[in-house]
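Notes follow the structure.
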Amino acid sequence: MINTLSESLYRLDLLNTEQDRITYQSSTKKKIDNGSDDSLVFTRQIYLENKVNVFEGLKEQIEITTAQNDTADTAVGSIKDKMTLAKTEILRALNDTEQATSRGSIAINVEGIKKSLLLFANEKANGEYLFSGTNGTQAPFEQDPVTGDVTYTGNGYLKKVAVEEGSYRERGVTGFDLMMNTTDKAVYGSKLTFTADQRVVDEQGNEWTLNAAVPELVKNNENGVTSETMPLTEILPATTPKTYETTNAISTPGQTLSAKENIFDIFDDVIDALNQVDSNGAPISKTQADAILKDGLAKINTSFDTVNEAHSDLGVRNKIFEVSYEKLSSKLTHFNVLYEDTSGADLAKVAMESKALELTYTSLYSTINKMNELSLVNFIN
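Note that my numbering has the sequence shown beginning at 221, numbered continuously upward.
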């Protein structure tokens, strides 16, 4: 009888353990509590949980990038609108019926357009400047408080954002792409011509700065100045600013150099011409002013094309992130389903096991009670 009672108590302990498992699964909807419960399920669960966390992080990053892309798209669209307005103002100024006082008013309007362009070019989203290249913490365009000159302080590199594990895509456009016209472009076997007030960048976004003392171009990468240089020859007769040409043709296949003209400088020339003064503030004739305005109008037309091309590039890159987001969402859903299938308890099965356990408990307790009723006297009798 003692053996029978011990066996019953042992079975009761097993049932209690099973009850703990069923209670845990029904309350948490999880299959296991500890890794030791089922090492295979636990390993699979950890793997899938890691995948879900990674893809949730990527999805969140792309959501932030998408918001920045939308803001950038709106800003570039506004820049194009302001460019169109500037062209209208210049055409109005070139109308022979306009008086000097009217041109002065137009100059004020164009100055306002320039300020608006600066605001849009320094657009910010989620605490990051959108057109400064990889340096999103610094405003890409800075205006000298004395001269009013606007300088691009960003770089030519596009920020890369993860869209998949180990896979990155370039985001946005830089200030070089958006607010600078390409005045000349040299490819393999050709030379580059540019003026001292222009910027030079290569196909990788590296800027080549002018060392007029030699003269030469000095390559700058993301880490700063490098030892790589390119000799220059000044084109004569001398001009102001000086004009240079690369002494040798580009000898590296695939390499390109582009000379960039600041669009804000074009607006400065137009504003000076509307006020009938040169860049130093000295008076000029109406004929001279008209010539500058016509040249400025042609350059602003080119500027509009520059911004439009940047807008197109931006749209293509934005679309890549939209597609990547859809793919990522699909994968995240897939891994979430796998995780639930792996770690989630089968509640229907748990309910059936719970009912079966209840019946087993009832049967076992009945047996134990009957054995307890058997006293030693009853056993002897």
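All C-beta atoms in this analysis are idealised placements derived from N, C-alpha and C, irrespective of residue type, glycine included. Small disclaimer: the values here were computed from a predicted structure and weren't measured.
Residue 424 sits in coil when the DSSP states are folded into three classes, being neither helix nor strand. For the pair residue 444 and residue 394, the CB atoms are not nearer than the 8 Å cut-off.
Note: residue 479 is bridge-paired with 404, 420 in the DSSP secondary-structure output. A Cβ-Cβ distance of about 7 Å is found for the pair residue 479 and residue 402, placing them in contact under the 8 Å criterion.
Excluding residues up to 5 positions away in sequence, 461 lie with their Cβ nearer than 6 Å to the Cβ of residue 417 in the same chain.
By the 16-neighbour rule on beta-carbons within 10 angstroms, residue 308 is exposed. For residue 463, the uninterrupted beta strand (DSSP E) run begins and ends at 463 to 466, by DSSP. Residue 504 carries a coil assignment under DSSP once its states are collapsed to helix, strand and coil. Rounded to whole angstroms, the Cβ separation of residue 454 and residue 440 is 22 Å, and the two are not in contact under 8 Å.
Residue range 436 to 441 is occupied by the beta strand (DSSP E) that includes residue 441, with no alpha helix (DSSP H) assigned at that position. Per the Cβ contact rule, the segment 517 to 535 is in contact with the segment 291 to 304 (3 or more Cβ pairs under 8 Å). Closest by C-alpha distance to residue 410, out of 472, 260, 384, 518, is 472. For the beta strand (DSSP E) assignment, the uninterrupted runs of no fewer than 3 residues enclosed by the segment 337 to 386 are, from N- to C-terminal side, 361 to 363, 370 to 372, 379 to 384.
Using a Cβ distance threshold of 8 Å, residue 383 and residue 275 do not count as a contacting pair. The alpha-carbon separation between residue 356 and residue 329 amounts to approximately 30 Å. Within a 10 Å sphere around the beta-carbon of residue 260 sit fewer than 16 other beta-carbons, which makes this residue exposed. In this model, residue 523 and residue 488 are separated by some 14 Å (Cα to Cα). A residue is called buried once 16 or more other Cβ atoms fall within 10 Å of its Cβ, and residue 442, having fewer, is exposed.
Rounded to whole angstroms, the separation of the alpha carbons of residue 378 and residue 548 is 22 Å. The beta-bridge partner set that DSSP reports for residue 559 is empty.
DSSP places residue 399 in the coil class of the three-state scheme, outside both helix and strand. Comparing alpha carbon positions, the residue from 414, 466, 342 closest to residue 292 is 342. Between residue 389 and residue 505, the CB-CB gap reaches or exceeds 8 Å. Here the alpha carbons of residue 554 and residue 560 stand approximately 10 Å from one another. Between the C-alpha atoms of residue 451 and residue 436 there is a straight-line separation of about 4 Å.
Leaving aside the five residues that flank residue 281 on each side, none in its chain has a CB nearer than 6 Å to its CB. Setting aside the 5 residues that flank it on each side, residue 469 is surrounded in the same chain by 409, 410, 411, each with a C-beta closer than 6 Å to its C-beta; the list follows chain order. If you look at residue 452, you'll find it in the beta strand (DSSP E) that goes 444 to 454. Measuring C-alpha to C-alpha distances from residue 363 to each of 446, 284, 392, 337 identifies 337 as the nearest. In the three-state scheme derived from DSSP, where H, G and I count as helix and E and B as strand, residue 394 is classed as coil.
DSSP, reduced to helix, strand and coil, places residue 430 within a strand of the structure shown. Contact annotation: residue 520 and residue 327 have beta-carbon atoms that are not nearer than 8 Å.
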